[in-house]
Amino acid sequence: MSTFRTNQNNANTNKLNVILSTVIVILVMNVGLQIWLLYTALNYTLDNDQHVATIAFWASLVIFFICLGLLYYIPMGKKIKTPKRSAIR
Amino acid sequence: MNQNNNQEEENWKQDFPYHKQNAALVGRREFAKMLTLVSGGLAFGSGLVAAKANFFPKSPVEGEHFICTIEDIPVGGTKSFVIEGSTIPYILIHLEDGSFKAYEQKCTHLSCSVYYQPGSGQIICPCHNGYFDAKDGSVLAGPPPRKLPHLQVTVRENEIYVSAPEVLNNV
């Protein structure tokens, strides 16, 4: 039986591809931001300024949780039903 | 029977991919998960930096240390020294205007040894052409990300002493 979701998937065949690419682009930007935060925190720490390191750590932690949340939106693709091994034998 | 054999072969391939392409292939989902792992690692690294900055700060130089007499350094000359109990190399500079300055001799870029170029008013890192102002240690050009750490210089009865700077980040 055809459902709304099946029809949607058939009408927009590139949807999963676009979602996955978008998530990856956002993840790469987040990681880039974290690298910049770490670099800045190191520089300020070596310059005897502790406050920046603390703020950078919290910001980096928030970004990490955002990355974790984004994993929820990764499409798992179309599941192909394969018979179990026990059924084959 | 034939169909069952094919299906069994496919399962075997899934478990043990013997083609190199299948074994080394990193899908986009795995890549996204790996990026999240890297993100966690960077957050952990930032936590270490913050912990080091807040709980294990760099101990400042304690007390006043005699370095040399004024006659030992001509105008435009320098003297390298290490404070007792420390391994950080410092450089004492007799500037052309008659003042004395003391800086860490390690470039803030990659810790190469810096030197003073007489007459130019510049401290130079030869590794990657980093230039610092000899008057306050600030970066003039090149890749160094921050100014040279300095020490307070006191001249008393023809003798030169160094101590921790009175106000951090201020010459």
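So the protein lines, in turn, are chains A and B.
Okay, so the first sequence: first residue is 279 according to the numbering used here, each after it adds one.
Okay, so the second sequence: first residue is 8 according to the numbering used here, each after it adds one.
For each residue, glycine too, the CB sits at the ideal point set by N, CA and C.
- Under the Cβ criterion of 7 Å, Val68/B is not counted among the residues facing chain A.
- Assignment of beta-bridge partners to Ala141/B by DSSP yields no partner.
- Minimum Cα-Cα distance from Leu339/A among the listed residues Ile297/A, Leu316/A, Leu294/A corresponds to Leu316/A.
- Going by beta carbons, Val301/A and Ala39/B fall inside the 7 Å limit.
- At a cut-off of 7 Å between C-beta atoms, Pro152/B counts as an interface residue with respect to chain A.
- Excluding residues up to 5 positions away in sequence, His157, Leu158, Gln159 lie with their Cβ nearer than 7 Å to the Cβ of Pro172/B in the same chain.
- In this structure, the straight-line span from the alpha carbon of Thr323/A to that of Ala331/A is close to 6 Å.
- Within the stretch 338-351 of chain A, the residues whose Cβ lies closer than 8 Å to any Cβ of chain B are, in chain order, Ser338, Leu339, Ile341, Phe342, Cys345, Leu346, Leu348, Leu349.
- A straight-line Cα-Cα distance of about 32 Å links Arg36/B and Ala57/B.
- Taking all protein chains shown into account, Asn285/A has fewer than 16 neighbouring C-beta atoms within 10 Å of its C-beta and is therefore exposed.
- Contact annotation: in the stretch 133-162 of chain B, residues whose CB is within less than 7 Å of a CB in chain A are Pro152, Arg153.
- Check the Cα spacing between Met354/A and each of Thr281/A, Asn287/A, Gly310/A, Leu294/A: the tightest is with Leu294/A.
- The residues Ile74, Tyr97, Leu99, in chain order, have a CB closer than 7 Å to that of Phe88/B in the same chain once the five nearest residues on each side in sequence are set aside.
- Residue environment: Val296/A is assigned as exposed (fewer than 16 neighbouring CB atoms within 10 Å of its CB, all protein chains considered).
- Taking CB atoms only, Thr94/B has no neighbour in chain A less than 7 Å away.
- If you draw a straight line from the Cα of Gly70/B to the Cα of Ala148/B, it comes to about 33 Å.
- Linking Phe282/A to Asn290/A through their CA atoms gives a straight-line distance of about 12 Å.
- For Glu71/B, the secondary structure class from DSSP, reduced to helix, strand or coil, is coil.
- The C-beta distance from Leu102/B to Ala141/B rounds to 6 Å, short enough to meet the 8 Å contact threshold.
- At a cut-off of 7 Å between C-beta atoms, Thr281/A does not count as an interface residue with respect to chain B.
- Following the DSSP letters along the chain, one finds Tyr317/A inside the alpha helix (DSSP H) bounded by residues 293-324.
- The shortest CA-to-CA distance from Pro64/B to any of Gly347/A, Ala337/A, Asp327/A is the one to Asp327/A.
- Looking only at Glu78/B, Val45/B, Cys114/B, Gly126/B, the smallest Cα-Cα distance to Arg153/B is reached by Cys114/B.
- Contact annotation: in the stretch 319-331 of chain A, residues whose CB is within less than 9 Å of a CB in chain B are Ala319, Leu320, Asn321, Tyr322, Thr323, Leu324, Asp325, Asn326, Asp327, Gln328, His329, Val330, Ala331.
- From the beta-carbon of Gln312/A, the residues of chain B found nearer than 8 Å are Ser46, Leu49, Ala50, Ser53.
- Cβ proximity to chain B below 7 Å picks out Leu298, Val301, Ile302, Leu305, Val306, Asn308, Val309 from the stretch 288-310 of chain A.
- CA-CA distance, His329/A to Leu55/B, rounds to 14 Å.
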